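J.:
Written out as structure tokens, the structure reads:
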């Protein structure tokens with residue numbers, strides 16, 4: 001049963017594999033879906049939830065994509081098949097990934113190649129979950145307002161960090177914040193595997209997104225993978241996110257100070273040993289790299305890029 005968050009605003013539980021996920025529906029003059037999930041989501045959980053609201057996939061005319069990851073845009077092609085007039089909206093910085101799976105894989109995983117190479121099963125799974133891609137019809141800009149009619153107005157906040165083109169949507173009348181994956185907490189708990197490590201490519205950008213979430217005045221927080229929460233619970237997740245950032249930063253600073261020099265693989269191995277709840281994969285490789293680069297930014301370390309990144313303690 002869809003959960004009503006405000007008048008005309010609903011959350012639909014849409015777990016795939018062992019990954020918890022929520023899809024959001026706003027019913028105004030337009031029927032909008034925020035992040036239609038993976039390729040199987042629309043015709044299963046989303047269609048069932050819409051049916052309980054007296055709606056169908058063919059009546060959805062707007063898809064709002066928070067960012068260019070497969071579990072957020074993978075359902076776009078199926079949505080378009082049910083309504084050829086559907087319009088897809090996303091930020092320019094992520095539009096290329098949403099429209100082209102090959103480019104998505106190359107640009108999201110390619111920079112990690114010196115430190116981690118995805119097994120074929122990893123990329124095959126992503127391709128399968130993406131389905132057919134479609135064009136982004138409208139590019140979203142920071143600060144714009146999306147008017148869906150009947151008083152449903154969404155403020156667009158560009159919050160890079162998780163991806164370069166990540167956006168959050170704030171429902172002004174209902175004071176509902178849709179965070180996508182930009183509110184990481186301690187990561188994504190999985191049902192049958194070690195948890196996903198929090199995923200960010202810039203500590204500074206991630207901290208700015210947390211500052212926005214804390215100040216925006218949301219009374220309800222709709223996350224992608226941590227359910228729907230009250231403002232109080234949302235504040236706890238923001239605090240958890242800051243605790244994680246600070247804890248890993250302090251840990252890496254101490255390790256680097258002790259060792260004098262560290263490679264990214266050495267830092268990743270140390271983090272996974274200290275936090276065994278997490279699995280090895282692109283998230284931890286990317287985020288630990290961001291933490292090491294942040295030590296450079298604050299003047300505690302120096303980075304040497306030949307033959308691959310080595311970090312030297314200088315503070």
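Residue numbers (the UniProt record's numbering): 1 to 315.
Note that the Cβ used here is the ideal one computed from N, Cα and C, for glycine as well.
Bear in mind the structure is a predicted one, so any value in this text is a computation, not a measurement.
Excluding the five sequence neighbours on either side, which residues of its own chain have a C-beta within less than 6 Å of the C-beta of residue 93, listed in chain order?
T.: The residues are 164, 165.
J.: Residue 249 by DSSP, collapsed to three states: which one?
T.: Helix, per DSSP.
J.: Take residue 197 and list the residues in its own chain whose beta-carbon comes closer than 7 Å to its own, dropping the five residues that flank it on each side.
T.: Within the same chain, residue 197 has close Cβ partners 187, 278, 283, 284, 287.
J.: Quick one: what's got a C-beta closer than 7 Å to residue 28's C-beta in the same chain, skipping five residues either side?
T.: Once the five neighbours on either side are set aside, the close Cβ partners of residue 28 are 8, 148, 149, 150, 152.
J.: When DSSP labels each residue in this structure, what does residue 219 get in the three-state scheme?
T.: Here residue 219 sits in coil by DSSP.
J.: Pairing CB atoms from the segment 94-111 with CB atoms from the segment 62-73, are three or more of them under 8 Å?
T.: Segments in contact, yes.
J.: Thinking just about the alpha-carbon of each residue, which of 13, 60, 112 is nearest to the one in residue 44?
T.: The residue with the shortest Cα to Cα distance from residue 44 is 13.
J.: Quick one, which of 53, 51, 80, 114 has its alpha-carbon nearest residue 63's?
T.: The candidate whose alpha carbon is nearest that of residue 63 is 80.
J.: Compare the C-alpha of residue 246 against each of 133, 185, 181 and name the closest.
T.: Minimum Cα distance to residue 246 is reached at 185.
J.: For residue 155, which beta-bridge partners are listed by DSSP?
T.: Answer is 145, 170, bridged to residue 155.
J.: Where does residue 313 fall in DSSP's three states?
T.: Looking at residue 313 - three-state DSSP - the assignment turns out to be strand.
J.: Looking at C-beta atoms only, is the number of pairs between the segment 198-214 and the segment 238-258 that lie closer than 8 Å three or more?
T.: Segments in contact, yes.
J.: Buried or exposed: where does residue 314 fall if 16 or more other Cβ atoms within 10 Å of its Cβ makes it buried?
T.: Burial call: exposed.
J.: Any idea what DSSP makes of residue 278, helix, strand or coil?
T.: It is a strand residue.
J.: Give me the DSSP bridge partner(s) of residue 176.
T.: Residue 176 pairs with 171, 220.
J.: Taking the DSSP output, what are the residues bridged to residue 16?
T.: Residue 16 is bridged to 19.
J.: Count the other C-beta atoms from every protein chain shown that fall within 10 angstroms of the C-beta of residue 1, then say buried if there are 16 or more, exposed otherwise.
T.: Residue 1 is exposed by the Cβ-count criterion.
J.: Any idea what DSSP makes of residue 264, helix, strand or coil?
T.: Residue state, collapsed to three classes: helix.
J.: I believe residue 67 touches residue 162 by the beta-carbon criterion, under 8 Å. Please report the beta-carbon distance rounded to the nearest angstrom.
T.: Confirmed, about 6 Å.
J.: Specify the secondary structure class of residue 186 as computed by DSSP and reduced to three states.
T.: Coil.
J.: Would you check if the distance between the CB atom of residue 191 and the CB atom of residue 140 is smaller than 8 Å?
T.: No. Outside cutoff.
J.: In its own chain, which residues sit with a C-beta less than 7 Å from the C-beta of residue 291, not counting the 5 before and 5 after it?
T.: Result list for residue 291: 203, 248, 249, 252, in chain order.
J.: Identify, in the order they occur along the chain, each residue of the same chain with its Cβ nearer than 8 Å to the Cβ of residue 123, setting aside the five sequence neighbours on each side.
T.: Here the set comprises 105, 109.
J.: By Cβ distance below 6 Å, which residues in the same chain neighbour residue 59 in space, the five residues on each side in sequence not counted?
T.: Cβ within range, chain order: 31.
J.: For residue 301, does the three-state DSSP call read helix, strand or coil?
T.: Here residue 301 sits in strand by DSSP.
J.: What do you reckon, are the CB atoms on residue 231 and residue 176 nearer than 8 Å?
T.: Cβ atoms of residue 231 and residue 176: not closer than 8 Å.
J.: Leaving out five residues before and five after residue 228 in sequence, what residues of the same chain have Cβ atoms less than 8 Å from its Cβ?
T.: Cβ within range, chain order: 3, 5, 11, 22, 220, 221, 222.
J.: State the Cα-Cα distance for the pair residue 303 and residue 264, rounded to the nearest angstrom.
T.: One C-alpha to the other measures close to 11 Å.
J.: Rounded to whole angstroms, how far is the Cβ of residue 255 from the Cβ of residue 269, which I believe are closer than 8 Å?
T.: Not confirmed; about 10 Å, so no contact.
J.: Could you compute how far the alpha carbon of residue 145 sits from the alpha carbon of residue 305?
T.: Between residue 145 and residue 305, the C-alpha separation is close to 42 Å.
J.: What are the boundary residues of the alpha helix (DSSP H) that includes residue 50?
T.: Where residue 50 is concerned, the enclosing alpha helix (DSSP H) stretches over 47-52.
J.: Take residue 137 as the anchor and find which of 61, 189, 24 has the nearest alpha-carbon.
T.: Among 61, 189, 24, the Cα nearest to that of residue 137 belongs to 61.
J.: Indicate whether residue 35 and residue 180 have their beta-carbon atoms separated by less than 8 Å.
T.: In this structure, residue 180 lies closer than 8 Å to residue 35 by Cβ.
J.: For residue 316, count neighbouring Cβ atoms within 10 angstroms of its own Cβ and tell me buried if that reaches 16, exposed if not.
T.: Since the first and last residues shown for the chain are 1 and 315, residue 316 lies out of range.
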